[in-house]
Structure formats: structure tokens, C-alpha cells
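*Asks:*
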């Protein structure tokens, strides 16, 4: 709630709807959760000592997982692009990733293996987009070229999920902010107490349209008070304008947990009402 003295004879009280804060909080929560679940990196690093001899390390890490596996270069057979069994129901696109296929050894790599085969996922997630397959093809080709070319001594490939996901999350955050600002901030109650005209005008606006305008003489006001209700999770409050007709006009849209005592005192002082 905002109090603004327009001049010596006018006091403006504006209350923004909770829609603004709920929308912003919900949108930001979704963005943060999505970032936590998706931010991460897959990395393969191999050092060649001789033609088929060397050591490799595969690391797959995110904010919720961290997997590391060491294996011999001679165990690395090939890298291949894998595709999801079914296309995405919304986009119709298949999801693609890269898996490393190893020769059968005494180490089954149980932490990574699936389908009872020594095939370990390199990329953290299967990604579906117009460029996903070409990106996965490029990663697989780089690994296979290293395997086939003994002249290449090292390989260090990183696949950062954040690089492709972060723009989407950022876009969602911006859209949420725009939505909350345009629509949420446009849902408000706006009351102007005008001592020069001896009237107060209360305007309620929702979803870009004014749906209620109330106007009364200041002489009709007998009190400004706080009404309290139990929400089941604690007390909530709203400010009421009491008229001599017995009518109560809610100054705020909805109920809030904020303490409005000082606001009420300021309005009472402006209107020269007894506390």
C-alpha cells in the first residue's frame, strides 16, 4: 500500500493486488527450480600415451548429481547418437543425446550402464530441438575422430546443458516479469481523498479495466478502521471506510497480513478524524 500526498488538500492511497506478487513469485520459483534441475555439464577427457593406450575420465555433474568414472582409452569403442523411443508429445520432436560404447571389461560401470550393456550416457539429458541432433552428431564425431586418429594426443569435450537451457529459463523469467508488471500491477484499488472538493473517489481496476468507482462526500466518513479475519494460517487485515449510513467500504482489494495501523493513523490525521 502506498500513500502519496498530491498536494496540501489531496491524499492518494493505492493498493496493488496480490496477483502481482503471486505471479512474480510463482514465475521466479519455476525458473529457479528449472535452473537447479537442468544446470550442469558433461565432460570427457582422454590422454593418449600410445596408439591405443591412455586414460579417460567421464564426469557428469549438476547441482543434484555428481558422477565420475575412469576407464582406459583401449576400452573406448565408439561414441554414438541415441534417440528417445517416442517423440515429444507437445513438439513432435525426438530427443537426442550421446552415449559412449565400451568394449566389455571386468568393470561393468554399473553406475552408468543400462540395458545390461556397457553403454554409458555422455550428455546429461536427452535434448529435443531443431538443432539437437546436429549438435549431438558433432560431439559424437569429435570423439570418434579422436579414437580413430592416433596422432591426436588429447581430447577434452564439454557439453554444458546450461548453454541451451539458460536462454529458455531467462526468457521465461522475463515473460513472467512482463506479465506481472502489466497485468498484476494493473489490478489495484486507488482512493483519492480530496479535501478541496470534500469528496473521496475509490477506483478499483482489474485486468486492464475499471470495474468499480465509488464516490462519497468526506462528511459521510465517520471512521477509518482495520478489520481482522482469521485465514486459518494467521490473521489477515483490510482497511474499511465507515460511512454514517452504516455502509463499510473496503479500501484494500482482498485481505493482507500486513500491519496497516500506521496507514490508518495517517489517513485519520489527514481527514481530522479522531483515533
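Residue numbers (my numbering): -13 to 261.
We put the beta carbon where it would ideally sit given N, CA and C, even for glycine.
Quick one: grab the DSSP three-state call for residue 243.
*Replies:* Residue state, collapsed to three classes: coil.
*Asks:* What separation, rounded to the nearest whole angstrom, lies between the Cα atoms of residue 64 and residue 73?
*Replies:* So the two alpha carbons sit approximately 25 Å from each other.
*Asks:* Are the stretch 121 to 134 and the stretch 78 to 87 touching, with three or more C-beta to C-beta distances below 8 Å?
*Replies:* Cβ pair count under 8 Å is three or more, so yes.
*Asks:* So, does the stretch 33 to 43 touch the stretch 54 to 63, judging by three or more C-beta pairs under 8 Å?
*Replies:* The stretch 33 to 43, when compared against the stretch 54 to 63, does touch it at the 8 Å Cβ threshold.
*Asks:* When DSSP labels each residue in this structure, what does residue 163 get in the three-state scheme?
*Replies:* Reduced to three states, the DSSP call for residue 163 is helix.
*Asks:* Please name the residue in 235, 71, 211 whose C-alpha comes closest to that of residue 245.
*Replies:* Ranking the options by Cα distance to residue 245, first place goes to 211.
*Asks:* Give every residue of the same chain whose Cβ lies closer than 6 Å to the Cβ of residue 294, excluding the five residues on either side of it in the sequence, and list them in chain order.
*Replies:* Any property of residue 294 remains undetermined from this structure, which presents the chain solely from -13 to 261.
*Asks:* Need the endpoints of the alpha helix (DSSP H) that residue 305 sits in, please.
*Replies:* Since the first residue of the chain shown is -13 and the last is 261, residue 305 is not available in this structure.
*Asks:* Residues in the same chain with beta-carbon distance under 7 Å from residue 230, minus the five sequence neighbours each way, listed in chain order, please.
*Replies:* Once the five neighbours on either side are set aside, the close Cβ partners of residue 230 are 206, 208.
*Asks:* Write down the C-beta distance between residue 32 and residue 141 rounded to the nearest angstrom, noting that I regard them as a contact closer than 8 Å.
*Replies:* Yes, residue 32 and residue 141 are in contact; Cβ-Cβ is about 5 Å, under 8 Å.
*Asks:* In this structure, what does DSSP give as the bridge partners for residue 108?
*Replies:* The partner list for residue 108 (beta bridge, DSSP) is empty, contrary to what the question assumes.
*Asks:* Which whole-angstrom value describes the C-beta separation of residue 249 and residue 225, a residue pair presumed to lie in contact below a C-beta threshold of 8 Å?
*Replies:* That belief holds up - the Cβ atoms of residue 249 and residue 225 are roughly 7 Å apart, short of 8 Å.
*Asks:* Identify every run of the beta strand (DSSP E) within the stretch 209 to 233, keeping only runs that are complete inside it and at least 3 residues long; order them along the chain.
*Replies:* As far as the stretch 209 to 233 is concerned, its whole beta strand (DSSP E) runs of at least 3 residues are 221 to 229.
*Asks:* Taking 8 Å as the limit between beta carbons, can you name the residues of its chain near residue 185, skipping five residues before and five after?
*Replies:* Answer for residue 185: 201, 202, 203, 204, listed in chain order.
*Asks:* Between the beta-carbon of residue 45 and the beta-carbon of residue 122, is there less than 7 Å?
*Replies:* Taking 7 Å as the Cβ cut-off, residue 45 and residue 122 do not qualify as a contacting pair.
*Asks:* So what does DSSP say about residue -12, is it helix, strand or coil?
*Replies:* Note: residue -12 maps to strand in three-state DSSP.
*Asks:* Excluding sequence positions up to five away, which residues of its chain have a Cβ less than 6 Å from the Cβ of residue 54?
*Replies:* Within the same chain, residue 54 has close Cβ partners 45.
*Asks:* Smallest Cα separation from residue 16: which of 109, 176, 156?
*Replies:* Taking only the C-alpha atoms, the option nearest residue 16 is 156.
*Asks:* Pop quiz: residue 179 and residue 257 are said to be a contact at Cβ under 8 Å. What is the actual Cβ separation, rounded to whole angstroms?
*Replies:* With 8 Å as the limit, residue 179 and residue 257 qualify as a contact, their Cβ atoms being about 6 Å apart.
*Asks:* Tell me which residue opens and which closes the beta strand (DSSP E) that residue 176 is part of.
*Replies:* Start and end: 174 to 180.
*Asks:* Can you check which of these residues, 144, 223, -4, is closest to residue 26 by C-alpha distance?
*Replies:* Checked all of 144, 223, -4; the closest Cα to residue 26 is 144.
*Asks:* With a threshold of 16 other CB atoms inside 10 Å of the CB of residue -1, please say whether the residue is buried or exposed.
*Replies:* Classification for residue -1: buried.
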